[in-house]
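Beneath this line is the structure, given in structure tokens, with notes to follow.
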Ligand SMILES: Cc1cc2nc3c(=O)[nH]c(=O)nc-3n(C[C@H](O)[C@H](O)[C@H](O)COP(=O)(O)OP(=O)(O)OC[C@H]3O[C@@H](n4cnc5c(N)ncnc54)[C@H](O)[C@@H]3O)c2cc1C
Ligand SMILES: Cc1cc2nc3c(=O)[nH]c(=O)nc-3n(C[C@H](O)[C@H](O)[C@H](O)COP(=O)(O)OP(=O)(O)OC[C@H]3O[C@@H](n4cnc5c(N)ncnc54)[C@H](O)[C@@H]3O)c2cc1C
Ligand SMILES: Cc1cc2nc3c(=O)[nH]c(=O)nc-3n(C[C@H](O)[C@H](O)[C@H](O)COP(=O)(O)OP(=O)(O)OC[C@H]3O[C@@H](n4cnc5c(N)ncnc54)[C@H](O)[C@@H]3O)c2cc1C
Ligand SMILES: Cc1cc2nc3c(=O)[nH]c(=O)nc-3n(C[C@H](O)[C@H](O)[C@H](O)COP(=O)(O)OP(=O)(O)OC[C@H]3O[C@@H](n4cnc5c(N)ncnc54)[C@H](O)[C@@H]3O)c2cc1C
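Residue numbers (my numbering), protein chains in the order written: chain L, 254 to 591; chain X, 254 to 591; chain D, 254 to 591; chain A, 254 to 591.
Following this line, the structure appears as structure tokens:
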């Protein structure tokens, strides 16, 4: 597996890389050698990096003349000397650590999305694994190309799959309390499907309108207007899906006891009574735990920022839209000469 | 041109066609003859019918046994004896009627979407133009097939084109008052593009995932989940687009004087002063009139109901979604045995 | 009756009054005389001005040193020499002009909100009717005070009354087609009530939290944070209310014929058949015409901009909110020292 | 402290209490004795119950004749024989349990809202602490009265305070990365304030429009229309506030390491580098942890369901709104006789 590292630590967001108090907040060139380069700096929020064989490291955005030091793209092996991964830690990490039995968890097999801070301290990268070194003018393009595929996939496929699971869980929860035919519940299920299929449609459109880039290369990349739409619709839609699923799951999603308490000789029998409905208590609690994972944890802001802060997708719409042709059509229709 | 007639007058919405006080609120069979059929009843809200050469008449929805009388699909010529068109009339009709010069109007060449009430009073339809007569079991299917193409096109193409014009007009309005670079204005323009491209993407996905139906027929129809998503996103999105464009247009969109007052010897000079900004007064007023047509008139509820009330699209999501597979996936992930 | 004139024509929105090509886009001082002042300039979008006895004229916003010429507040009589009103004109104006019988209209007695462009061409104002003349430092304050009452009333009372009418009309429409008990219809009615009572609550809170200003004056003014909230919630909520009412009204709201066509000997009988449901055709059409007035006309952007563009209310939140105390509380809770 | 117990375990939501397989899913009367009553059954999701001195137990909703067994209102001491509390357990519980130092937590002093399942197993309640026993006709009223105060406070005060903290935290986060003046950040802060002050206004209106109930009792209760509006606006608004605060906090809110890792000799120095921006790393991480607590945990569905599922507040609008007067006004305005 290969993970993709874009996000630099960035420091003061108003300043360029060269202006930072400590340039280590951006991955940068320390030394050019005959056999390769030495790099330092910090990439943050790296999904799956610690579990990948390699990481593809790209610049965090466009760069200008004078910023050659940061114009780096390369591949690095997990375990290369000088490279440290510092893992995320939160309530969900603690819960997994503390539990005796994984099946007590909301997402037993896959858990949360593991990210880490990747610290490069004079890491050596041989030339054959360096793709950019100083060519600032290609940085914007390389990031944009990465984003094309990434936003389509992240917004329109990955999170659509997440939401399919949430919808499945919410329908089960409704069936287990007998509310699945109640109109407002049905409407909430419909709303989740609508939001999810909308993101899905954007991904299909992105793929469908993809283009060979550059011409003749045999490499096809998705359309970025629709890819950005996929990500942006998901960013907002996912919060709505969480809200609707949390509604259907009931207060239990938040206030439930430990799953294994059901088997406890002292409190188990009472809990079985308490949570039996049209479905048995163990299924109700299992589904509530599953929905807790998805609607009462890290997925809201995680989905929002993964593949880039939504404001960057909004910005892309200004760049990618042909406003001149829309103005021209409007003028024509209203009979305005030039 | 051929228009499509689905919507019956319907009477009491809680009752089936046979239960209505007056069955003329649904188009129905009066007599079967050797050479054809005689039909009566009323279709309402018929876009462009009065300007079309023919109209394709379909049932308004699924029918059950015992409702054979309403199971009709046929083509009728504009002008056939017994067929009357009663046109819509509203403020925009009055404005056009009263104006001396079309260029004073907000949408001078195309005007509003003209609909009419089509009254069938014992209209004769020869057999070769009759496609269904009594076959209730095909009614649901024929309407669904019509809807597949219609919702994709209406929600994902027709209104996307409308909105492209609105976006073009709003950008011009912003440029003519000098606000086009102000952040909240840019954000509103982005929001309109996002909403519009989302509906557009749904239409592309509907086309892309279209299927040959029935197999071997050579007839391909769009996917209806995505088609319904296109229509539903547009239903909501169009109101948002109207809101944002109205914001950018300013109060002028509502409070403007008559366009030709600009040339009036008495008040013209003052109006030219009043409405000159970064663009000249005549252009500002022309754009304001254009935006008035789109944001302060019939397009809100018109877009909402055209191609079917959104509640029917929501309903389709329950029918078209495979909830079993989503439940199964969720169960698998949470480790729930059956 | 007294109308209130704030909105100058404004010209290029990026420029200050003194920088405009033609200063007539702002009301300004032409001459100071012993007995009074001479003013020129243009105020736009003046609700009810032409039907009022007097107009209270205020500056359009804060002013700085060097802009004394625009620091004017005064009262002017309707009909004073040099003052011209140029009325708005739109489709709804045309409809009223063309109709033989007012009861054919959607809002027969009150019609649309009439605004006009007020052109001041060397109008004389005697000193006893001049409240500010050159005191730039009070301009911001006078406008803010006006806005306090205006936003509370406009957003939280005036439009709440409009919406009560719309809700009433929508409920009637539902009853006349027999859909009033259908869950999604009930939900839409609830949504309209919720939105409307929310704006209403903001107005009550604004009044309740009003303060004597200045202390000891006996003059109480509403709280502006809640007044701005009233206006802003209404700006968005009104579009939502229009959307929901248009949904309930059905396509008829857009596609209806002329009301008086019901009495037409030729088409009347068919129209009566067509539009009879659980309510009689004349009532259904009358309600549809009423909802057309409210949901398919000028009220969307009109409500949005009346009492100021929503962006100005948003801006006020930054000014009026005590962020320091919120930061302090947060720091305290997280145990962060200073 | 006294906690309030309304929510029964409820079992099958389609069935009345008497129809449940096991009536223990509702608190009910087991025996009437001379000195008091014996009660059994289960209340779920009880905020703060385990930490309160007493709990006021009320029926979960209106009851009908034949359901006397469930018509119970009484006070119970924490620790009374037969009463068991089974605590909630989730990731946030685990995190607190595992941490050596509370200051590593997102909400160190107050933690999460602790709820428990309260199991009544033949608990004895002396008569002087029993307020209802069998009087089904007062059950609806007693619950409604409780809800009046509860929804106003929960939606319009408690969660408004939560959100003030979130806003404070988000502003700090913005200042520590240098983005506090960027327009979209300011707009998000404004949006949070607008949503929050709207709920706040609803609570003020509810208090202001409160009535003495019953007349002459000296007991004033808040208005329930506005109280329900407070809760409902908060239910939706809180998710939006979480979304906006998560945006401003950045990916760090999700992907951050353990707070105490900052002091770790091995990884601390790198983390300090990584997360220094315009504010120091320790403050940035502390704020991120605080925002994690609020936006990436239990508060979304918790706020949604606390004080009742929003669908019950929506339902109350139908009950509390005077639709007849709105219909009458609409009819009058459109000139419709009776
Ligand atoms: C769960 C998760 C997984 C992730 N996985 C990966 C991964 O695998 N690889 C990877 O490279 N990255 C990954 N990321 C990082 C992600 O791309 C970033 O979180 C995102 O780009 C936002 O950057 P930030 O976190 O530094 O936020 P910040 O920069 O702190 O943003 C905070 C706010 O400030 C705004 N802002 C910041 N700078 C500016 C500016 N200059 N102008 C205007 N607004 C500005 C942002 O729009 C946002 O509103 C992941 C993030 C998450 C949450
Ligand atoms: C501008 C415009 C152009 C149009 N063009 C055409 C055209 O070319 N051809 C054509 O055939 N039609 C056309 N239509 C008609 C359109 O398809 C209908 O308006 C739409 O299907 C709604 O039906 P209705 O107008 O009878 O509304 P109503 O049936 O009166 O609906 C009012 C409300 O009641 C609800 N409702 C009604 N019945 C039920 C029920 N049984 N269960 C649940 N809810 C219900 C609806 O969802 C809606 O919320 C057009 C409409 C418009 C506005
Ligand atoms: C029906 C109606 C009734 C009205 N009644 C009255 C009345 O009785 N008395 C009265 O005085 N006024 C009245 N108004 C005018 C109303 O106050 C203005 O329409 C409103 O303040 C917006 O100003 P504008 O129309 O000039 O819009 P514009 O200034 O053209 O605004 C267009 C857009 O540009 C933005 N914009 C403009 N300038 C700036 C800037 N400097 N910075 C950031 N954004 C900017 C606005 O926010 C908006 O998004 C009425 C308006 C309407 C529609
Ligand atoms: C953090 C938290 C704190 C709480 N604190 C307290 C407390 O201190 N005291 C207390 O008494 N309660 C408390 N509650 C409980 C809260 O009042 C309930 O969660 C809420 O009323 C919903 O009930 P439920 O959890 O049983 O959900 P469910 O009944 O399972 O609801 C799930 C969904 O089904 C719907 N539904 C259920 N039944 C029907 C029906 N008959 N008709 C239509 N729709 C239906 C609901 O609207 C919801 O959409 C708390 C809840 C939470 C989350």
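All residues carry an ideal CB built from backbone N, CA and C; glycine is no exception.
No experiment lies behind these values; they were computed from the predicted model shown.
Residues of the segment 417-449 of chain A with a C-beta atom less than 8 Å from some C-beta of chain X are 436, 437, 440, listed in chain order. Straight through space, the alpha carbons of residue 415 of chain D and residue 364 of chain D are spaced by roughly 13 Å. Put simply, the backbone Cα of residue 267 of chain L is about 59 Å away from that of residue 468 of chain X. The contact set of residue 267 of chain D on chain X, defined by CB atoms closer than 7 Å, consists of 431 in chain order. Taking a contact to require three or more Cβ pairs closer than 8 Å, the segment 523-537 of chain D and the segment 266-280 of chain X qualify as touching. For residue 533 of chain X, none of the residues of chain L pass the 8 Å Cβ criterion, the least Cβ distance being about 11 Å. Here the C-alpha atom of residue 280 of chain L lies approximately 10 Å from the C-alpha atom of residue 326 of chain L. A straight line joining the alpha-carbon of residue 580 of chain L with that of residue 571 of chain L spans about 14 Å. Cβ proximity to chain L below 9 Å picks out 337, 339, 340 from the segment 307-340 of chain A. Under a 10 Å Cβ-count criterion, residue 332 of chain X is classified as exposed, with fewer than 16 other Cβ atoms of the shown protein chains found around its own Cβ. Nearest CB-CB separation between residue 497 of chain D and chain A: not below the 8 Å threshold. Here DSSP, grouped into helix, strand and coil, assigns residue 525 of chain A to helix. Here residue 330 of chain L is bridged, per DSSP, to L:307.
Judged by pairs of C-beta atoms under 8 Å, the segment 476-484 of chain A does not touch the segment 543-550 of chain A, as fewer than three such pairs exist.
Of the candidates A:489, A:501, A:423, A:489 places its Cα closest to the Cα of residue 567 of chain A.
Counting the other CB atoms within 10 Å of its CB gives residue 345 of chain L a total of 16 or more, which places it among the buried residues.
The beta carbon of residue 525 of chain L lies closer than 6 Å to those of 534 in the same chain, with the five residues before and after it left out. Not one heavy atom of ligand 4 sits closer than 7 Å to the Cβ of residue 422 of chain L. By DSSP's assignment, residue 464 of chain X forms a beta bridge with X:474. Within 7 Å of the C-beta of residue 400 of chain L there is not a single heavy atom belonging to ligand 3. Here the alpha carbon of residue 403 of chain D sits roughly 33 Å from the alpha carbon of residue 555 of chain X. Judged by pairs of C-beta atoms under 8 Å, the segment 380-391 of chain D does not touch the segment 504-514 of chain D, as fewer than three such pairs exist. Per DSSP, reduced to three states, the secondary structure at residue 433 of chain X is coil, with no helix or strand assignment.
For residue 335 of chain L, same chain residues with a beta-carbon under 7 Å away, outside a window of 5 residues either side, are 373, 374, 375, 376 in chain order.
In this structure, residue 357 of chain D lies near residue 511 of chain D, with their beta-carbon atoms less than 8 Å apart.
The C-beta of residue 564 of chain L comes closer than 8 Å to at least one C-beta of chain A. For residue 590 of chain A, no beta strand (DSSP E) encloses it, and the DSSP letter there is neither H nor E. For residue 296 of chain D, the enclosing beta strand (DSSP E) covers residues 289-300. Inter-residue distance for residue 380 of chain X and residue 585 of chain L is about 45 Å (C-alpha atoms, whole angstroms). Checking the DSSP bridge columns, you'll see residue 336 of chain A partnered with A:373. The Cβ of residue 350 of chain L sits closer than 8 Å to at least one Cβ of chain A. Assignment of residue 378 of chain D by DSSP, reduced to helix, strand and coil, places it in the strand class.
A residue is called buried when at least 16 other Cβ atoms come within 10 angstroms of its Cβ; residue 318 of chain D does not meet this threshold and is exposed. The Cβ atoms of residue 396 of chain D and residue 311 of chain D lie closer than 8 Å to each other. Of the heavy atoms belonging to ligand 4, at least one sits nearer than 7 Å to the Cβ of residue 559 of chain A. In this structure, the alpha-carbon of residue 474 of chain D lies about 53 Å from that of residue 347 of chain L.
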